[in-house]
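Just below is one structure, and these are the notes that go with it.
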Amino acid sequence: MDSAMTSAPQHFLNTQDWTRARLDAVLADAARMKHEPIGDALKGRSIALVFFNPSLRTRTSFELGAFQLGGHAVVLQPGKDAWPIEFDLGTVMDSDAEEHIAEVARVLSQYVDMIGVRAFPKFVDWSVDREDRVLKGFAKYATVPVINMETITHPCQELAHVLALQEHFGSSDLRGKKYVLTWTYHPRPLNTAVANSALTIATRMGMDVTLLCPTPEYQLDERYMDWAEANVIESGGSLAVSHDIDSAYAGADVVYAKSWGALPYFGNWAPEKPIRDRYKHFMVDEAKMALTRDGVFSHCLPLRRNVKASDAVMDSPRCIAVQEAGNRLHVQKAVMRALVAR
Amino acid sequence: MDSAMTSAPQHFLNTQDWTRARLDAVLADAARMKHEPIGDALKGRSIALVFFNPSLRTRTSFELGAFQLGGHAVVLQPGKDAWPIEFDLGTVMDSDAEEHIAEVARVLSQYVDMIGVRAFPKFVDWSVDREDRVLKGFAKYATVPVINMETITHPCQELAHVLALQEHFGSSDLRGKKYVLTWTYHPRPLNTAVANSALTIATRMGMDVTLLCPTPEYQLDERYMDWAEANVIESGGSLAVSHDIDSAYAGADVVYAKSWGALPYFGNWAPEKPIRDRYKHFMVDEAKMALTRDGVFSHCLPLRRNVKASDAVMDSPRCIAVQEAGNRLHVQKAVMRALVAR
Amino acid sequence: MDSAMTSAPQHFLNTQDWTRARLDAVLADAARMKHEPIGDALKGRSIALVFFNPSLRTRTSFELGAFQLGGHAVVLQPGKDAWPIEFDLGTVMDSDAEEHIAEVARVLSQYVDMIGVRAFPKFVDWSVDREDRVLKGFAKYATVPVINMETITHPCQELAHVLALQEHFGSSDLRGKKYVLTWTYHPRPLNTAVANSALTIATRMGMDVTLLCPTPEYQLDERYMDWAEANVIESGGSLAVSHDIDSAYAGADVVYAKSWGALPYFGNWAPEKPIRDRYKHFMVDEAKMALTRDGVFSHCLPLRRNVKASDAVMDSPRCIAVQEAGNRLHVQKAVMRALVAR
Numbered sequence: 001m002d003s004a005m006t007s008a009p010q011h012f013l014n015t016q017d018w019t020r021a022r023l024d025a026v027l028a029d030a031a032r033m034k035h036e037p038i039g040d041a042l043k044g045r046s047i048a049l050v051f052f053n054p055s056l057r058t059r060t061s062f063e064l065g066a067f068q069l070g071g072h073a074v075v076l077q078p079g080k081d082a083w084p085i086e087f088d089l090g091t092v093m094d095s096d097a098e099e100h101i102a103e104v105a106r107v108l109s110q111y112v113d114m115i116g117v118r119a120f121p122k123f124v125d126w127s128v129d130r131e132d133r134v135l136k137g138f139a140k141y142a143t144v145p146v147i148n149m150e151t152i153t154h155p156c157q158e159l160a161h162v163l164a165l166q167e168h169f170g171s172s173d174l175r176g177k178k179y180v181l182t183w184t185y186h187p188r189p190l191n192t193a194v195a196n197s198a199l200t201i202a203t204r205m206g207m208d209v210t211l212l213c214p215t216p217e218y219q220l221d222e223r224y225m226d227w228a229e230a231n232v233i234e235s236g237g238s239l240a241v242s243h244d245i246d247s248a249y250a251g252a253d254v255v256y257a258k259s260w261g262a263l264p265y266f267g268n269w270a271p272e273k274p275i276r277d278r279y280k281h282f283m284v285d286e287a288k289m290a291l292t293r294d295g296v297f298s299h300c301l302p303l304r305r306n307v308k309a310s311d312a313v314m315d316s317p318r319c320i321a322v323q324e325a326g327n328r329l330h331v332q333k334a335v336m337r338a339l340v341a342r
Numbered sequence: 001m002d003s004a005m006t007s008a009p010q011h012f013l014n015t016q017d018w019t020r021a022r023l024d025a026v027l028a029d030a031a032r033m034k035h036e037p038i039g040d041a042l043k044g045r046s047i048a049l050v051f052f053n054p055s056l057r058t059r060t061s062f063e064l065g066a067f068q069l070g071g072h073a074v075v076l077q078p079g080k081d082a083w084p085i086e087f088d089l090g091t092v093m094d095s096d097a098e099e100h101i102a103e104v105a106r107v108l109s110q111y112v113d114m115i116g117v118r119a120f121p122k123f124v125d126w127s128v129d130r131e132d133r134v135l136k137g138f139a140k141y142a143t144v145p146v147i148n149m150e151t152i153t154h155p156c157q158e159l160a161h162v163l164a165l166q167e168h169f170g171s172s173d174l175r176g177k178k179y180v181l182t183w184t185y186h187p188r189p190l191n192t193a194v195a196n197s198a199l200t201i202a203t204r205m206g207m208d209v210t211l212l213c214p215t216p217e218y219q220l221d222e223r224y225m226d227w228a229e230a231n232v233i234e235s236g237g238s239l240a241v242s243h244d245i246d247s248a249y250a251g252a253d254v255v256y257a258k259s260w261g262a263l264p265y266f267g268n269w270a271p272e273k274p275i276r277d278r279y280k281h282f283m284v285d286e287a288k289m290a291l292t293r294d295g296v297f298s299h300c301l302p303l304r305r306n307v308k309a310s311d312a313v314m315d316s317p318r319c320i321a322v323q324e325a326g327n328r329l330h331v332q333k334a335v336m337r338a339l340v341a342r
Numbered sequence: 001m002d003s004a005m006t007s008a009p010q011h012f013l014n015t016q017d018w019t020r021a022r023l024d025a026v027l028a029d030a031a032r033m034k035h036e037p038i039g040d041a042l043k044g045r046s047i048a049l050v051f052f053n054p055s056l057r058t059r060t061s062f063e064l065g066a067f068q069l070g071g072h073a074v075v076l077q078p079g080k081d082a083w084p085i086e087f088d089l090g091t092v093m094d095s096d097a098e099e100h101i102a103e104v105a106r107v108l109s110q111y112v113d114m115i116g117v118r119a120f121p122k123f124v125d126w127s128v129d130r131e132d133r134v135l136k137g138f139a140k141y142a143t144v145p146v147i148n149m150e151t152i153t154h155p156c157q158e159l160a161h162v163l164a165l166q167e168h169f170g171s172s173d174l175r176g177k178k179y180v181l182t183w184t185y186h187p188r189p190l191n192t193a194v195a196n197s198a199l200t201i202a203t204r205m206g207m208d209v210t211l212l213c214p215t216p217e218y219q220l221d222e223r224y225m226d227w228a229e230a231n232v233i234e235s236g237g238s239l240a241v242s243h244d245i246d247s248a249y250a251g252a253d254v255v256y257a258k259s260w261g262a263l264p265y266f267g268n269w270a271p272e273k274p275i276r277d278r279y280k281h282f283m284v285d286e287a288k289m290a291l292t293r294d295g296v297f298s299h300c301l302p303l304r305r306n307v308k309a310s311d312a313v314m315d316s317p318r319c320i321a322v323q324e325a326g327n328r329l330h331v332q333k334a335v336m337r338a339l340v341a342r
């Protein structure tokens, strides 16, 4: 359906690629559609949702978002109910992959108006995973807009998170809020995507951001640290890294939790396990939340209760994780509208 | 989409929870929609279909039912294309489950207007399975109506079954009909859900019901025997248990077949195998059907031919299993309409 | 939804079953809808897409095709998210299959207006696979039209291929074109379906067709050779088999590539492996394409780059494989319209 397309399509790969004005417009549109969910902005339009990994919220919210605007989402799972895909250039494809991203992206572009992609890291070599080549492969070859549904960042989650904070504080201006992004324990080393994203968007919104993690090894990739620093310069606010729970929580307005694996151990996770096991006490609990300034808690979900956050925190009225998840629907509808608007 | 919801949502977990008047209204609405399938009662609305087990009829009929009424169904398969879920309270979630039913149900309630749940027993411990905790977990935490798509009962099948019988006999009043629920052989011990449901609805409709099974060990759980006895008191009709094929079939108007595992061997199935193997002759065949009063045969499907019922019975005009399956579409549309009607 | 159906339904199992006039009408309708994609010819209608094997293009294009015409597609994967199915008659079903095609096809016919079926060969015994019994089982028992979504032929691909050639040559009349169907290497022995189909439709369109393959063992099943010969008599054109690359490519207007396993080794593939390994040079590359008369290249996809065709061929403007894949959407919409038109 790209017949009328004469220039390269716009994509939504990272919030950092979009102007603040455009992000603000999407957030405002999302807030509006939350109260008026049914429309026809995508009437007769379609999106392919390409999942290389499981999903509950992303799949449901994109599928319903398309439906509520008159469109249709097709869900594809390459290697499961579709064919495995090659992403390297020039390969003699005599191994597992049955087709190349060049054909997949071009063919899907014949059928649909947008393509969403979820592709988590392989967790073997961070220098490879950090190139985000699955997403970039789609963006390179597709002739329709591509949306990041979580790869090594999760920009849709960022927007849902910010919308939930704006609702909570009753203002679209989040400057001056003290924001803590805290690492938490999980039995396995997880993707840094949501942590990268939280750091990116919290600084973009001009908040005073503290990245709380057990040791310097748990710092995030320099690309996202650099983005955050650039954002501080542009938007005001501040950025600090801390390994001290009490001072980080002290006076916080927002606590956002996420577990992730330490990048220096990427692909060689055995020695990281005893380190992470020493920091189970990073779990968000009532005692820690009591240190905040009546702070609000959130998480991207899925969340392991009593591992990442206690039952008491999750069931507290200060937990807005469910609202944030609900906002996925609204912000993604706004992103889709922004990408296909004529 | 639960913003206007001020009290606990209504659910459709079991027919026994609903008044007879309400069930009759749903059946009448289903019969009407069978002749006028397209409508807009669910325009812009949605349902999440959460499948922990396979499905052909249930999935297809719910998905199309939503579509034919202007709505949309999202199909989710936790542990397969969504995350595995924890149902216990207070658990330290450091094992397989990535999120808790509290979040799953609350988040889905943000997106959809109804949630359908299919969750078969685990077949390890009946005292656990009989608590139906997956379904009850959704019902507890969801803020939108929950529909049982088969757990340890199968109320949607009950309605489709009754509608097919009403069509066959040309009357909504089934009182006075002799109804036989017969156990049949299957190589594996199966769920008692449809048997529990058949016993429940047949007595609810005031029929003279015989539960035919090989031995007393194949009787159903006391909860459903109790429901059936209460129904006989309320609706008239009768309830008997028999282990004699000839007398059970004699003069029957309806033969409904189902295989299930004997509850005393639940989770320790090896010693049950030689018992069930002795009763392969419970298969429904022409000789048995000849004992009935020109009786009609049905089954919930899927059905193994020449194991549960012979080819001759299945291909006979007295077999209404396909019509019953077709009615799933109509009764489920009526249930969805009843649950979201304003 | 077959209540108004009084005679046997029409199916689309093979192009060879349809008159040339009807195929031409479908192609014309597809070309028209390519420029006017949104309509209501399937308003309130539905199709079940039954996949026994993976799919990307077929699933996406059927699902979107139904949507763009106001209908809805339900995707089913028997043995994966639905129950395994028995296709033999009279079987005592005490093995894996939980239900019989008779019930599956009849029940689906209660729900939907059409059924699409993808069922690849089992690759064990060609004398069994060539009976196409999964597709024929659906066609026998369904009371609604059945569409072949690739079994041992791939008629939807045929139509998309022809439409792409008609677009390329700017004429619906393809007579006089020199058409080469070339075998190519693939690490595994593949289905002959698309090769059978290409041979069938290319001769039907009256082209001068050469089947290029390594040895006589790679000729196609006599059924399709016979169809092709009958088509030559009816439509003009010609049919030749060649094992010589240079003369086959010389002066060609169309090169269509496909890999397949040699039928004499069906089910006993080990001795075929060293044979096929000797013919890796059948890969379509620029040197071979230079022998053609400015020929156009296509393939049904998925395609392994630098195994079946080189990067240079795939990325050349003479490659129309992506357009052909895009045409799947349009021709399938036209087929669905043709089957449910009243």
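Chains as they are written, first to last, in this note's numbering: chain X, 1 to 342; chain P, 1 to 342; chain G, 1 to 342. Using N, Cα and C, we set each Cβ at its ideal position, and we do this for glycine too. Note that the structure is a prediction, hence the values are computed from the model and not measured.
Considering only C-alpha positions, which residue in the set P/Leu-220, P/Glu-217, P/Arg-293, P/Pro-271 is nearest to P/Ala-248?
Closest by alpha carbon: P/Arg-293.
Using the Cβ count rule (16 or more neighbours within 10 Å means buried), how would you classify G/Thr-60?
By the neighbour-count rule (16 or more Cβ atoms within 10 Å), G/Thr-60 is buried.
Which of the residues in the region 309-327 of chain G, read from start to end, lie with their CB under 8 Å from any CB of chain X?
Answer in chain order: Asp-311, Met-314, Asp-315, Ala-321, Val-322, Gln-323, Ala-325, Gly-326.
Once the 5 residues before and after G/Gln-110 are set aside, which same chain residues still bring their CB inside 6 Å of it?
Contacts found: none.
What residues from chain X crowd round P/Gly-44, counting only those whose CB sits closer than 9 Å?
Within 9 Å Cβ-Cβ: Pro-37, Ile-38, Phe-67, Gln-68.
Under 8 Å, do X/Leu-212 and X/Leu-181 count as touching if we go by C-beta distance?
In this structure, X/Leu-181 lies closer than 8 Å to X/Leu-212 by Cβ.
Give a yes or no on whether the minimum CB-CB distance between G/His-11 and chain P is below 8 Å.
Output row for G/His-11: interface = no.
I'd like the span of the alpha helix (DSSP H) that includes X/Ala-257, first residue to last.
Taken as a continuous stretch (DSSP letters only), X/Ala-257 belongs to no alpha helix (DSSP H), being part of the beta strand (DSSP E) at 254-258.
Return no unless some Cβ of chain G is closer than 8 Å to the Cβ of P/Val-134.
Judged by the 8 Å Cβ criterion, P/Val-134 is not in contact with chain G.
Would you call the CB atoms of G/Leu-42 and G/Leu-13 closer than 8 Å?
Contact flag unset, no.
Counting only Cβ-Cβ distances shorter than 9 Å, please list the residues of the region 94-128 of chain P near chain X, keeping chain order.
Those residues of the region 94-128 of chain P that come within reach of chain X (Cβ to Cβ, closer than 9 Å) are Asp-94, Ser-95, Ala-97, Glu-98, Glu-99, His-100, Ala-102, Glu-103, Val-104, Arg-106, Val-107, Leu-108, Ser-109, Gln-110, Tyr-111, Val-112.
Whose Cβ in chain P lies nearer than 8 Å to the Cβ of X/Pro-302?
Correct list: Trp-83, Glu-98, Glu-99, Glu-103.
Quick one: which chain P residues come within Cβ less than 7 Å of G/Tyr-48?
It is Ala, not Tyr, that sits at residue 48 of chain G in the sequence shown. Correct list: Thr-60.
Report the rounded CA-to-CA distance for X/Cys-319 versus X/Arg-276, giving the unit in angstroms.
The straight-line gap from Cα to Cα measures roughly 25 Å.
List the endpoints of the continuous alpha helix (DSSP H) containing P/Asn-327.
321-340 is the span of the alpha helix (DSSP H), which, as asked, contains P/Asn-327.
With respect to the beta strand (DSSP E) encompassing P/Arg-118, which residues constitute its N-terminal and C-terminal limits?
Its beta strand (DSSP E) spans residues 114-118.
In chain G, which residues lie less than 7 Å from X/Val-92 when you measure between Cβ atoms?
Simply Asn-306, Val-307.
Straight-line CA distance for P/Asn-327 to P/Gly-170?
One C-alpha to the other measures close to 15 Å.
For P/His-243 versus P/Pro-214, is the C-beta spacing smaller than 8 Å?
Yes; because the gap between Cβ atoms is below 8 Å, this pair is in contact.
Please state if the CB of X/Ala-250 and the CB of X/Leu-291 are separated by a distance shorter than 8 Å.
Against a cut-off of 8 Å, the Cβ pair of X/Ala-250 and X/Leu-291 comes out as a contact.
With a threshold of 8 Å between beta carbons, is X/Pro-274 in contact with chain P?
Chain P, which has no Cβ nearer than 8 Å to the Cβ of X/Pro-274, makes this no.
Going by CA-CA distance only, name the one from X/Glu-234, X/Arg-57, X/Glu-167, X/Asp-94 that's closest to G/Lys-308.
The candidate whose alpha carbon is nearest that of G/Lys-308 is X/Asp-94.
Would X/Val-331 and X/Ala-30 be called neighbours here (beta carbons separated by less than 8 Å)?
Yes. Within cutoff.
Between which two residues does the beta strand (DSSP E) carrying P/Ala-48 extend?
Taken as a continuous stretch (DSSP letters only), the beta strand (DSSP E) holding P/Ala-48 covers 46-51.
Using only alpha-carbon positions, find the residue among X/Thr-143, X/Leu-190, X/Arg-204 that is nearest to X/His-172.
At residue 172 of chain X the sequence reads Ser, which differs from the His that was named. The candidate whose alpha carbon is nearest that of X/Ser-172 is X/Arg-204.
In terms of alpha-carbon separation, which member of G/Pro-155, G/Arg-118, G/Asp-17, G/Leu-159 lies closest to G/Gly-137?
When each option's Cα is compared against that of G/Gly-137, the closest is G/Arg-118.
Just the Cα atoms here: how many angstroms apart are X/Ile-233 and X/Ala-202?
Near 13 Å, if we compare the C-alpha coordinates of X/Ala-202 and X/Ile-233.
From the beta carbon of G/Arg-337, is the nearest beta carbon of chain X less than 8 Å away?
Chain X contact via Cβ: absent.
I'd like the span of the beta strand (DSSP E) that includes P/Tyr-185, first residue to last.
No beta strand (DSSP E) holds P/Tyr-185; DSSP gives it neither H nor E.
Can you list the residues of chain P that X/Pro-78 reaches, using a CB-CB cut of under 7 Å?
Per Cβ cutoff of 7 Å: no residues; X/Pro-78 is ~13 Å from chain P at best.
In chain P, what lies closer than 8 Å to X/Pro-264 by C-beta?
Residues of chain P passing the Cβ test: none, with the nearest at roughly 24 Å.
Could you tell me which of P/Ser-259, P/Ala-334, P/Phe-297, P/Asn-231 sits nearest to P/Pro-187, measuring between CA atoms?
Residue P/Ser-259 is the option with its Cα nearest to P/Pro-187.
Could you tell me whether any Cβ in chain X is nearer than 8 Å to the Cβ of P/Lys-74?
Note that residue 74 of chain P corresponds to Val in the displayed sequence, not to Lys. Taking Cβ atoms only, chain X reaches closer than 8 Å to P/Val-74, which makes this a yes.
Could you compute how far the alpha carbon of G/Asp-414 sits from the alpha carbon of G/Val-241?
In the structure as shown, chain G starts at 1 and stops at 342, and residue 414 of chain G therefore has no counterpart that could be examined.
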